[in-house]
Amino acid sequence: MHNRKPNTMLVNTNTVIEIRDAKLPNDVDCIKKLWTDYLTWGNDQMQLLHGVHPHNPTQAVEDDIKMIAKFLPPNGRLILAFVDNKA
């Protein structure tokens, strides 16, 4: 039997996955990086498949972070997953 925090899962003896609600302001940097990576990937796919580059991911993330409350309860939920403490 392993002693684990709630909402954590032991994948193997070396890997721990934790899934939890985002904690603000502590998780803002993780959220910015994940959101930027996702939007950059999306832009790259749009460019590759359709020849368009719809927006600047960095600017979109900065705009969204200013309105982060719209992603939090009661309007939404922002959940992060961590593998070995990395989002």
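Number 33 in numbering that gives the first Met the number 0 belongs to position 34 of the sequence shown; there are no gaps in the numbering.
Even glycine gets a Cβ: it sits at the ideal position worked out from N, Cα and C.
For the candidate residues the options, whose alpha-carbon lies nearest to that of residue i?
i: K65; options: P53, L38 and L23; result: L23
i: T35; options: D63, L47 and H49; result: D63
Between residue i and the rest of its own chain, which residues show a CB-CB distance below 6 angstroms, the 5 nearest in sequence each way excluded?
i: E61; result: none
Please tell me whether residue i and residue j are closer than 7 angstroms, where the distance is taken between their beta carbons.
i: M45; j: P53; result: yes
i: A59; j: L38; result: yes
From the DSSP output, in three-state form, read off residue i for me.
i: M0; result: Residue placement at M0 is flagged as unreliable, the pLDDT there being 45, under the threshold of 50; a coordinate-derived value is accordingly withheld.
i: L71; result: coil
i: V27; result: helix
i: V15; result: strand
i: D83; result: coil
Given residue i, which residues of its chain have a CB within under 8 angstroms of its CB, disregarding the five upstream and five downstream residues?
i: N42; result: H52, P53, H54 and P56
i: L79; result: I18, R19, D20, A21, D26, C29, I30, L33 and A86
i: R76; result: D20 and F70
i: N74; result: A68
With a threshold of 7 angstroms on Cβ separation, who are the neighbours of residue i within its own chain once the five nearest residues in sequence on each side are excluded?
i: V82; result: T14 and I16
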